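*Asks:* The structure is given below, and queries will be raised subsequently.
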Amino acid sequence: MFYQHNMLTGLPFNGQPLQAPTTHPYLLQGIQQSTNAMNTISDNYDAQKKLTATYENISIDQELAMKQNFLAGLMYKPLICGPQYQSPINYNLLSSDLQSLICDICARTGWYENVVLLMILSSISIATRGRYRLQLDYNWSETLSLYTFVVAESGERKSSLVNLLKEPFQNFLNERNTVISQINEQNEEKVKMFERGKKVLEKDAAKQAYKESRNDETGLDAEKFMQLCLANADTLSKVSERYKISTKKAIRIFSDHITEKAIYRDMEEHGECLSFFEAEGNTIVNMLQNKNSGAILDIFLKGYTGESLSYKTARGDDVMLRAPFISMAFMVQSDILSRLYSNQMFNDIGLTSRFIPYFCNVPTQLTYRQDHYRHVVLDTYQQKIKTMLERNYTQESNRKIRVIQVTPEAYNKIKDFEQYIYINHNSYHNSVKSFRSKLHGTAARIAALLHIYAHDKPEDHPLELREMLAGISIADMIFPHAEFAFYPPGLTAYHNAQKIVEWIRKHRHCKFTSRDVAQGTAVIKNANIFPALDLLESHFIMAQVIRPGHPRACGVNLNFG
């Protein structure tokens, strides 16, 4: 029999419309039974899913409990901000007076010698004022700029070290600016005396012109009087121009201005140089992260390489910097540096690859005694910095740049180090490749700064092998710190792990999930949460159970307080 289908119900019929429900009870009964069966299957399926989820949760809880019991027998390791290992510096390559200086400052301040060495190198770099360039071969030259960021947490007396090393700079500024102030006062008094004398001369000249222009018979010849007055005024103007006295601007080494306009103005007025030496870096990080700071980023990129650039002021004037030079040293907390290295734009444009990061978690290598207080090595350092400033400081934009050459042995060694870097530091992380490509240049810069500290006129002596080996040793020590700063499981993970630890302690959590972390802390993305949890697990602070399709389950070590 041929059946058609009802357009409304979809059920087959033989061409005759279906009658009222009471006409076909068996058909409706079948539909009802089929519907009940399907509902039963659906309910069973949902129940099975819930039962499976319950069993999975029980399994996750059991596995987490087992891991927590295992952790209970272990002591957790405190979180450390920095690499687990670094190459030691060969301090025997440094001059004896520099070793004594490091020991003296370590004894005075309690800081690690590696930190002291890096900050001394920054001091030397600042004192060069961009007056030196290291020429390694025809195509390869380096400025002596350093961007140093030492990471130390709050309360570790960062200011004590910074203030001690800045003392010779402040003394130089005070002496020079005192002399400039006295000269300006004397000039101001001379200007006042000259103005008084000028008024007397003008009065006498007017009287004389009046006498010469007046006739008893015809009276005053106004035209002649005006001509004589103009002639006298022209003569006085020439005298004023000849003896014109201008005030001198106070000198400045460290910048306390952070606006785009002020930075370019400071560099234009103070020898195209800009320096920072501070015990905190929040201000400069805020400046760099400003969305409208394109010109500021440009000056920090070019100030490292010494490439020329121009800047157009709001009035439309062009500020041309022929050879800008920036050197800076900051002692910052880890969260400050984390903001820089987590900024992908800074990594892409190569700004962070110019930084020298150092994390203060490594014990000392040198041995030093309190009797270093009796030594005069700190006075020697202050005198050396003063001598460098007296020779190098200028407010002229066309400063003369002196060239330091290298011996063939030193050149061959730095080229060997370049090959060594690519073989032994062949990291698969793209973020650190830019830093790695600049590491041999950093070693050469450090070697040149050691060379400048050793010679009053460093351009008269080539950089030797021993100095280059010292620069290489220091640069090789720095690389693991850069790796930690760049890698996602490094500095960023440490900073986020600290936030999670504070959240655990505040709420006394024993168990939680990664979803709880996202909802309860400022760490809200899994890309940031997971590396931080992995770091905490590696330090036995907590254990994790990771299952596909589920948030990570975490149990805290019962020994963790």
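Numbering (the numbering used here), first residue to last: 988 to 1548. All C-beta atoms in this analysis are idealised placements derived from N, C-alpha and C, irrespective of residue type, glycine included. All values reported here derive from a predicted model rather than from experimental measurement.
Within 10 angstroms of the Cβ of I1459, are there 16 or more other Cβ atoms? Answer buried if so, exposed if not.
*Replies:* It counts as buried.
*Asks:* Once DSSP output is grouped into helix, strand and coil, what is the label at V1510?
*Replies:* Reduced to three states, the DSSP call for V1510 is coil.
*Asks:* With a CB to CB cut of under 8 Å and the five nearest residues on each side skipped, what residues in its chain are close to Y1072?
*Replies:* P1467, listed in sequence order.
*Asks:* Run the CB neighbour count on D1247, radius 10 Å, all protein chains shown included, and call it buried at 16 or more, exposed below.
*Replies:* According to the sequence as given, residue 1247 is Glu; it is not Asp. Classification for E1247: buried.
*Asks:* Using a Cβ distance threshold of 8 Å, determine whether the region 1089-1105 contacts the region 1114-1130, with at least three qualifying pairs required.
*Replies:* Flag = no, the region 1089-1105 and the region 1114-1130 do not touch.
*Asks:* With A1316 as the anchor, note down where its alpha helix (DSSP H) starts and where it stops.
*Replies:* Run containing A1316: none in the alpha helix (DSSP H); it sits in the beta strand (DSSP E), 1312-1319.
*Asks:* If we ignore side chains and look at the alpha-carbon of each, how far apart do E1265 and N1515 end up?
*Replies:* Distance between the alpha carbons of E1265 and N1515 is about 30 Å.
*Asks:* Check whether the Cβ atoms of I1372 and A1114 lie closer than 8 Å to each other.
*Replies:* The answer is yes: Cβ separation under 8 Å.
*Asks:* Between I1491 and the rest of its own chain, which residues show a CB-CB distance below 7 Å, the 5 nearest in sequence each way excluded?
*Replies:* Result list for I1491: V1543, in chain order.
*Asks:* Using C-beta distances below 7 Å, list every residue in its chain close to F1282, excluding the 5 sequence neighbours before and after it, in chain order.
*Replies:* Before going on, a small fix: residue 1282 reads as Ala here, not Phe. E1247, Y1298, listed in sequence order.
*Asks:* CB-CB under 7 Å to F1333, same chain, minus the five flanking residues each way: which ones, in chain order?
*Replies:* L1327, T1339, listed in sequence order.
*Asks:* Quick check on the burial criterion: 16 or more other C-beta atoms within 10 angstroms. Buried or exposed for S1046?
*Replies:* Flag for S1046 reads exposed.
*Asks:* If you follow the alpha helix (DSSP H) that E1256 is in, where does it begin and where does it stop?
*Replies:* Start and end: 1247-1256.
*Asks:* Report the residue from E1446, D1366, I1089 whose alpha carbon sits nearest the alpha carbon of R1378.
*Replies:* Closest by alpha carbon: E1446.
*Asks:* Sort D1048, A1249, G1060 by Cα distance to L1545 and report the nearest one.
*Replies:* Nearest of D1048, A1249, G1060 to L1545, Cα basis: G1060.
*Asks:* Kindly list the residues whose CB is nearer than 7 Å to the CB of M1529, restricted to its own chain and excluding five residues on each side of it in sequence; keep chain order.
*Replies:* If we look at M1529 and ignore the five residues flanking it on each side, its Cβ neighbours are L1523, C1541, G1542, V1543, N1544.
*Asks:* Tell me which residue opens and which closes the alpha helix (DSSP H) that V1532 is part of.
*Replies:* No alpha helix (DSSP H) contains V1532, which is instead part of the beta strand (DSSP E) from 1529-1532.
*Asks:* Work out the CA separation of G1477 and E1383 for me, nearest whole Å.
*Replies:* Those two C-alpha atoms are separated by around 44 Å.
*Asks:* Spell out the partners DSSP gives I1343 in its beta bridges.
*Replies:* Looking at the DSSP assignment, I1343 forms a beta bridge with T1135.
*Asks:* Whole angstroms are fine: how far does the CA of S1200 sit from the CA of A1218?
*Replies:* Taking the straight line from one Cα to the other gives about 13 Å.
*Asks:* From S1262, L1288, V1306, pick the residue whose C-alpha is nearest to that of V1252; which is it?
*Replies:* According to the sequence as given, residue 1252 is Arg; it is not Val. With distances taken between Cα atoms, R1252 lies closest to V1306.
*Asks:* For G1507, I'd like the list of residues in its chain whose CB is within less than 7 Å of its CB, leaving aside the five on either flank, ordered along the chain.
*Replies:* Here the set comprises W1490.
*Asks:* Restricting to Cα atoms, I'd like to know which of M1213, A1480, G1258, M1455 is closest to L1080.
*Replies:* Answer by Cα proximity: M1455.
*Asks:* Taking three-plus beta-carbon pairs below 8 Å as touching, is the region 1285-1295 in contact with the region 1307-1320?
*Replies:* A contact exists between the region 1285-1295 and the region 1307-1320.
*Asks:* Where does the unbroken alpha helix (DSSP H) through F1263 begin, and where does it stop?
*Replies:* Unbroken run through F1263 is the beta strand (DSSP E), 1260-1265; no alpha helix (DSSP H).
*Asks:* Would M1315 be called buried (16 or more neighbouring beta carbons within 10 Å of its own) or exposed?
*Replies:* Buried.
*Asks:* Give the secondary structure of T1009 by DSSP, where H, G and I count as helix, E and B as strand, and everything else as coil.
*Replies:* No answer about T1009 holds up, because its pLDDT of 48 lies below 50 and its placement is not dependable.
*Asks:* Just list the residues that DSSP pairs M1307 with in beta bridges.
*Replies:* Paired residue(s): S1297.
*Asks:* Need the endpoints of the beta strand (DSSP E) that L1121 sits in, please.
*Replies:* 1119-1122 is the span of the beta strand (DSSP E), which, as asked, contains L1121.
*Asks:* Give the list of continuous alpha helix (DSSP H) stretches no shorter than 4 residues that lie fully inside the region 1421-1452.
*Replies:* Complete alpha helix (DSSP H) runs here, min 4: none at all.
*Asks:* Mark S1262 as exposed unless 16 or more other C-beta atoms lie within 10 angstroms of its C-beta, in which case mark it buried.
*Replies:* Result: buried.
*Asks:* Since L1123 contacts A1431 with CB under 8 Å, what's their CB separation in whole angstroms?
*Replies:* With a Cβ gap of about 6 Å, L1123 and A1431 count as contacting.
*Asks:* Closest to S1295 by CA distance: which of S1325, R1341, N1385 is it?
*Replies:* Residue N1385 is the option with its Cα nearest to S1295.
*Asks:* Does the beta-carbon of S1325 have 16 or more other beta-carbons within 10 angstroms, so that it is buried, or is it exposed?
*Replies:* Its Cβ being crowded by 16 or more others within 10 Å, S1325 is buried.
*Asks:* Apart from the five residues just before and just after F1422, which ones in its own chain have a Cβ nearer than 6 Å to its Cβ?
*Replies:* Correct list, in chain order: S1340, A1469.
*Asks:* Check G1477 in the structure and name its three-state DSSP category.
*Replies:* Note: G1477 maps to helix in three-state DSSP.
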